[in-house]
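Written out below as structure tokens is the structure these notes cover.
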Amino acid sequence: MNTNSLKMKSEYDLKRPQERQTGKEPKEFLNATRTENTSSVANRTKIRVAVASKGGGLVNQHFGHAKEFEIYDVDRDEAHCIDRRSVTPYCQGGYGEADVLDTIMQTLSDCQAVMVSKIGACPKEQLQAQGIECVEAYDVIENVVLDFYEQYQMS
Numbered sequence: 001m002n003t004n005s006l007k008m009k010s011e012y013d014l015k016r017p018q019e020r021q022t023g024k025e026p027k028e029f030l031n032a033t034r035t036e037n038t039s040s041v042a043n044r045t046k047i048r049v050a051v052a053s054k055g056g057g058l059v060n061q062h063f064g065h066a067k068e069f070e071i072y073d074v075d076r077d078e079a080h081c082i083d084r085r086s087v088t089p090y091c092q093g094g095y096g097e098a099d100v101l102d103t104i105m106q107t108l109s110d111c112q113a114v115m116v117s118k119i120g121a122c123p124k125e126q127l128q129a130q131g132i133e134c135v136e137a138y139d140v141i142e143n144v145v146l147d148f149y150e151q152y153q154m155s
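For the sequence shown, position 128 (counting from the first letter as 1) is numbered 128 according to the working numbering, and the numbering increases by one without interruption.
Take a look at the structure:
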């Protein structure tokens, strides 16, 4: 068998998940900054968001498959990863577990939004009922969280 024909081009840096497992996180993904705005730190309104990511600095994980959420504090200029919260994946063999969802909702209760690549109707409805917005995206974390912040402040 020719192994060269089986190689696929990766969509993101395959070293990223390994770095996350060892606790090493490149600074550019932890502290994403937009430099065009230079307001003082004291005048910034921050929000907290949860991100489901498989690595590579991307929002690229389905809500039900997430084993952890990266927690970001976001203002209009920058996003800082402040925590990683481990959870039991909600999706268990194609079906969601109600008690697992309750635990995830408690884990994310201080967040204004959760950024995921996809989310099912049931968890989406329950998170929204708790006041947590659900954002479906597949993009660089920095772009998603800073764009959400702008829309959040306008609402």
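We treat Cβ as the ideally placed atom computed from N, Cα and C, and that holds for glycine.
Tell me, to the nearest whole angstrom, how far the beta carbon of residue i is from that of residue j; I am working on the premise that it is less than 8 Å.
{"i": "Tyr-149", "j": "Val-74", "result": "5 Å"}
{"i": "Val-49", "j": "Val-114", "result": "7 Å"}
Within a Cβ cutoff of 8 Å, which residues of the same chain sit near residue i, ignoring the five residues on either side of it in sequence?
{"i": "Asp-83", "result": "Glu-70 and Ile-71"}
{"i": "Gln-128", "result": "Cys-134"}
{"i": "Ser-53", "result": "Val-59, Asn-60, Gln-61, Glu-70 and Ile-141"}
{"i": "Gln-92", "result": "Val-100"}
Output the distance between the C-alpha atoms of residue i and residue j, rounded to the nearest integer angstrom.
{"i": "Asp-243", "j": "Cys-134", "result": "Since the first and last residues shown for the chain are 1 and 155, residue 243 lies out of range."}
{"i": "Ala-137", "j": "Cys-122", "result": "18 Å"}
{"i": "His-65", "j": "Ala-79", "result": "24 Å"}
{"i": "Asn-43", "j": "Tyr-95", "result": "Caution applies to Asn-43, whose pLDDT of 49 falls short of 50 and renders its modelled position unreliable; the value that the coordinates give is listed next. Going from the Cα of Asn-43 to the Cα of Tyr-95 covers about 44 Å."}
{"i": "Tyr-143", "j": "Gly-57", "result": "The amino acid at residue 143 is misidentified as Tyr; the sequence shows Asn. If I take the Cα positions, the gap works out to 10 Å."}
{"i": "Gln-126", "j": "Val-116", "result": "15 Å"}
{"i": "Val-51", "j": "Ile-132", "result": "12 Å"}
{"i": "Leu-146", "j": "Lys-124", "result": "21 Å"}
Could you spell out the range, first to last residue, of the beta strand (DSSP E) harbouring residue i?
{"i": "Ile-71", "result": "68–74"}
{"i": "Val-49", "result": "47–51"}
{"i": "Asp-147", "result": "Unbroken run through Asp-147 is the alpha helix (DSSP H), 141–154; no beta strand (DSSP E)."}
{"i": "Val-135", "result": "133–136"}
{"i": "His-80", "result": "78–86"}
Would you mind reading off the limits of the alpha helix (DSSP H) that contains residue i?
{"i": "Asp-102", "result": "98–107"}
{"i": "Cys-122", "result": "121–129"}
Tell me which residues share the same chain as residue i and place their Cβ nearer than 6 Å to its Cβ, disregarding the 5 neighbours each side in the sequence.
{"i": "Asp-197", "result": "Nothing about residue 197 can be reported from this structure: the residues present for the chain run from 1 to 155 only."}
{"i": "Ser-86", "result": "Glu-68"}
{"i": "Thr-107", "result": "Arg-85 and Val-87"}
{"i": "Ile-119", "result": "Phe-63 and Cys-134"}
{"i": "Ser-155", "result": "none"}
Apart from the five residues on each side of it in sequence, which residues of its chain come closer than 7 Å, Cβ to Cβ, to residue i?
{"i": "Ile-47", "result": "Val-74, Gln-112, Tyr-149 and Tyr-152"}
{"i": "Pro-89", "result": "Gly-64, His-65, Ala-66 and Lys-67"}
{"i": "Ile-104", "result": "Val-87 and Tyr-90"}
{"i": "Glu-97", "result": "Tyr-90"}
{"i": "Asp-110", "result": "Arg-48"}
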